[in-house]
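Colleague: Residue numbers (this note's numbering): 102 to 475.
All residues carry an ideal CB built from backbone N, CA and C; glycine is no exception.
The structure under discussion is supplied below as structure tokens; questions concerning it will follow.
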């Protein structure tokens, strides 16, 4: 439950001015080295998130990569391995998609008991327009062998893991995709919202994996390796994994697809709403490549649910804005508000937390307490 005392600071605005990024004025800084910042979600005011408001998740220091020295290498189980420089990459046919990316740990701050990891609140999510070349076109040029099963994406960023269990020495950030997903809709993006990527957002190239949590959208991309066996790298099999039970026995599996989720932007946990008036509740909801078709709001702790109005803007991989005209109580006091989403595939949010998810995939319905008064 999101519960704050009146006047208690939930996320005091903090400005961060890094040498490799523009000033993140008003963003919530979770960590400065490596850089991890989120947007105050109560500032949500548009369908496409401004680049300067889009959350940043880094595992290692941001690499500064000169454009003229950068190369993308494609190899492994392919008949024609090759390299691309910046100019060659930009000559390939480009595509654009609007896609929502959510960190797999978004909402971790609200878990009880507390778990390790960046203590994101609600703002480690954003929706942007991404432009680049489809991964399938790069793989077609390389001519994958019939033995191919997975595609490993590796970034230039590297460093040492702090928490056990951990390997010795430095490692690069890397994740893999099944061939079917790689051949479908994955984009190798060089632009975000119409301009070249910033260093913090993955310049010169990052993967965009629509419908999957953000850990799959590898930044500062340098290597694409086609493999004939499952990838078991650290960020595939140790971190960004959760327990899945088969015949009652748990085993770790990689986190992949985003789960259906709705969040309230306003009122926020610190907000005091006027009593006996119409208040415009609003927020956003998203799912894995399935359109959000219904939003329900409760203002009495889940006793009654009422359908909210969906925003007009939507796309296959994007979130859906929503709003609800709430006639606030005439008496002062506490009100518990909640929201839940339904997508076109019939999925909705669970009522309770699944402990096998650890500190990830936080999409259960949250209860938020607000104060009603004059």
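If you compare alpha carbons, which of 341, 384, 327, 458 is closest to residue 177?
Modeller: 327
Colleague: Is it buried or exposed for residue 306, if we count other Cβ within 10 angstroms and need 16 for buried?
Modeller: Classification of residue 306: buried, given that the 10 Å Cβ count is 16 or more.
Colleague: Alpha carbon to alpha carbon, how far is residue 378 from residue 402? Give it in angstroms, no decimals.
Modeller: Distance between the alpha carbons of residue 402 and residue 378 is about 19 Å.
Colleague: Going by beta carbon distance, what residues of the same chain come within less than 6 Å of residue 236, once the five residues before and after it are set aside?
Modeller: Excluding positions up to five away in sequence, the list reads 283, 287, 289.
Colleague: Where does the unbroken beta strand (DSSP E) through residue 345 begin, and where does it stop?
Modeller: 342-347
Colleague: Could you name the residues that DSSP lists as bridge partners for residue 449?
Modeller: In the DSSP output, where bridge partners are listed per residue, residue 449 has 443.
Colleague: Would you call the segment 416-430 in contact with the segment 187-200, where contact means no fewer than 3 C-beta pairs closer than 8 Å?
Modeller: yes
Colleague: Return the residue from the list 153, 238, 156 that minimises the CA-CA distance to residue 60.
Modeller: This structure cannot settle anything about residue 60, because the visible part of the chain is limited to 102 through 475.
Colleague: Taking DSSP as the reference, what is the three-state secondary structure of residue 122?
Modeller: In this prediction, residue 122 has a pLDDT of 42, which is less than 50 and means its spatial position is unreliable; what the coordinates show is noted afterwards. Residue 122: coil per DSSP, three-state reduction.
Colleague: When the Cα atoms are used, what is the spatial distance from residue 444 to residue 393?
Modeller: The straight-line gap from Cα to Cα measures roughly 4 Å.
Colleague: Per DSSP, what are the beta-bridge partners of residue 247 in this structure?
Modeller: BP columns for residue 247 are empty, so no partner.
Colleague: Give me, in chain order, the residues of the same chain whose beta-carbon lies closer than 6 Å to that of residue 261; leave out the 5 immediate sequence neighbours on both sides.
Modeller: 271
Colleague: Tell me where the beta strand (DSSP E) around residue 337 begins and ends.
Modeller: First-last for residue 337: 335-338, but that is the alpha helix (DSSP H), not the beta strand (DSSP E).
Colleague: Can you tell me where the alpha helix (DSSP H) holding residue 283 begins and where it ends?
Modeller: 280-283
Colleague: With a cut-off of 8 Å, do at least 3 Cβ pairs link the segment 155-168 to the segment 239-254?
Modeller: no
Colleague: Within 10 angstroms of its Cβ, does residue 251 collect 16 or more other Cβ (buried), or is it exposed?
Modeller: buried
Colleague: Kindly indicate which residue of 470, 368, 387 has the alpha-carbon position closest to the one of residue 426.
Modeller: 368
Colleague: Taking the C-alpha atoms as reference points, what is the distance between residue 371 and residue 471?
Modeller: Straight-line Cα distance between these residues: approximately 7 Å.
Colleague: Do residue 364 and residue 183 have their C-beta atoms within less than 9 Å of each other?
Modeller: no
Colleague: State the CB to CB distance for the pair residue 433 and residue 376, rounded to an integer number of angstroms; the pair is presumed to be in contact (CB under 8 Å).
Modeller: 6 Å
Colleague: In whole angstroms, what is the alpha-carbon distance linking residue 174 and residue 187?
Modeller: Between the C-alpha atoms of residue 174 and residue 187 there is a straight-line separation of about 12 Å.
Colleague: I need the boundaries of the alpha helix (DSSP H) containing residue 191, first residue and last residue.
Modeller: 187-191
Colleague: Starting from residue 178, trace the beta strand (DSSP E) both ways and give me its first and last residue.
Modeller: First-last for residue 178: undefined, no H or E at that position.
Colleague: Give me the Cβ distance between residue 325 and residue 222, rounded to the nearest whole Å; I'm assuming they're in contact under 8 Å.
Modeller: Residue 325 to residue 222, Cβ: 34 Å. No contact.
Colleague: Considering just the uninterrupted stretch of the beta strand (DSSP E) at residue 322, what are its terminal residues?
Modeller: 322-328
Colleague: Run through DSSP, which three-state label would residue 237 get?
Modeller: helix
Colleague: Can you round the beta-carbon distance between residue 203 and residue 359 to whole angstroms, since I take them to be within the 8 Å contact cut?
Modeller: 6 Å
Colleague: At the level of alpha carbons, what is the spacing between residue 469 and residue 374?
Modeller: Answer to the nearest angstrom: the Cα atoms are 13 Å apart.
Colleague: Which partner residues does residue 271 have in the DSSP bridge list?
Modeller: 261
Colleague: Could you tell me whether any Cβ in chain D is nearer than 9 Å to the Cβ of residue 369?
Modeller: Absent here is chain D; the protein component of the structure consists of one chain.
Colleague: Do residue 259 and residue 164 have their beta-carbon atoms positioned less than 9 Å apart in this structure?
Modeller: yes
Colleague: Output the distance between the C-alpha atoms of residue 172 and residue 191, rounded to the nearest integer angstrom.
Modeller: About 12 Å.
Colleague: Please state the DSSP three-state secondary structure of residue 429.
Modeller: coil
Colleague: Once you ignore the five residues that flank residue 420 on each side, which residues in its own chain have a CB closer than 7 Å to its CB?
Modeller: 201, 228, 385, 386, 387
Colleague: By how many angstroms is the C-alpha of residue 314 removed from the C-alpha of residue 207?
Modeller: So the two alpha carbons sit approximately 10 Å from each other.
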